[in-house]
Amino acid sequence: MAHHRIDRSINLSAAPVSSVPSALPQSPLRVRGVPAAIPSVTDAYHVSQQQILINQDRAANGSLAPLAWSPCLAAIALQNAQRIATQGYLSHTNGATLDLGCGLGSQAGENLGDTSAGIDDAQLNTLFMNSAPHRANILGPYHYVGTAWVVASNGYGYLAVEFS
-8 MAHHRIDRSI
2 NLSAAPVSSV
12 PSALPQSPLR
22 VRGVPAAIPS
32 VTDAYHVSQQ
42 QILINQDRAA
52 NGSLAPLAWS
62 PCLAAIALQN
72 AQRIATQGYL
82 SHTNGATLDL
92 GCGLGSQAGE
102 NLGDTSAGID
112 DAQLNTLFMN
122 SAPHRANILG
132 PYHYVGTAWV
142 VASNGYGYLA
152 VEFS
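When you number the sequence shown by the working numbering, it's gap-free, plus one each residue, and the end is 155.
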């Protein structure tokens, strides 16, 4: 049986900040679930499996507009997934603040989760939707999303989802 957790969600409304990570930390962790590069995205609504599930949730709950993929948010998600995988536990630091630095709006949010089953988008999406604060981010007033999974050496998958 897989072990899984989600952390409290974070959301911010503030003026955009000026700093966005320019480089991601080097790590021995395996990174999966995020395209290495998106040279010619013809469908910004189907880039990651987590994004697809989020957009299905939005459509099923009030016909909310789908969230488009943001490479900037995906870079922040990757940085946060690497950080939580390295430390071995879920914690929010400055993800939502960095999200505002992408210049995509004045609101941002973040959902974090992990599972001993490696990468399991459906499982974590279900957990997020069953948690009021995480659900609020998924169904929130956002237009963009970026997601990233990192698998640690123990096989645990760590997911970061950034909203703006």
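Where a beta carbon is used, it is the ideal one built from N, C-alpha and C, also for glycine.
Quantities reported herein were computed from a predicted structural model and do not represent experimental measurements.
In DSSP terms, what residue i is bridged to
i	result
N102	V152
Y147	According to DSSP, Y147 bridges with nothing at all.
T138	V152
A59	Y135
Residue i versus residue j - alpha carbon distance
i	j	result
M120	A127	8 Å
G96	S155	6 Å
G104	Q42	15 Å
H134	S144	34 Å
V38	P57	12 Å
N85	S54	30 Å
Within 8 Å, strictly: CB atoms of residue i and residue j
i	j	result
T117	A65	no
V141	I45	no
Y149	A99	no
A59	Y36	yes
Distance between beta carbons of residue j and residue i, contact taken as under 8 Å
i	j	result
Q114	A123	Not quite, the Cβ-Cβ distance comes to about 18 Å (not below 8 Å), so this is no contact.
Under 8 Å, with one C-beta from each stretch per pair, do the segment 79 to 99 and the segment 54 to 70 reach the 3-pair mark?
yes
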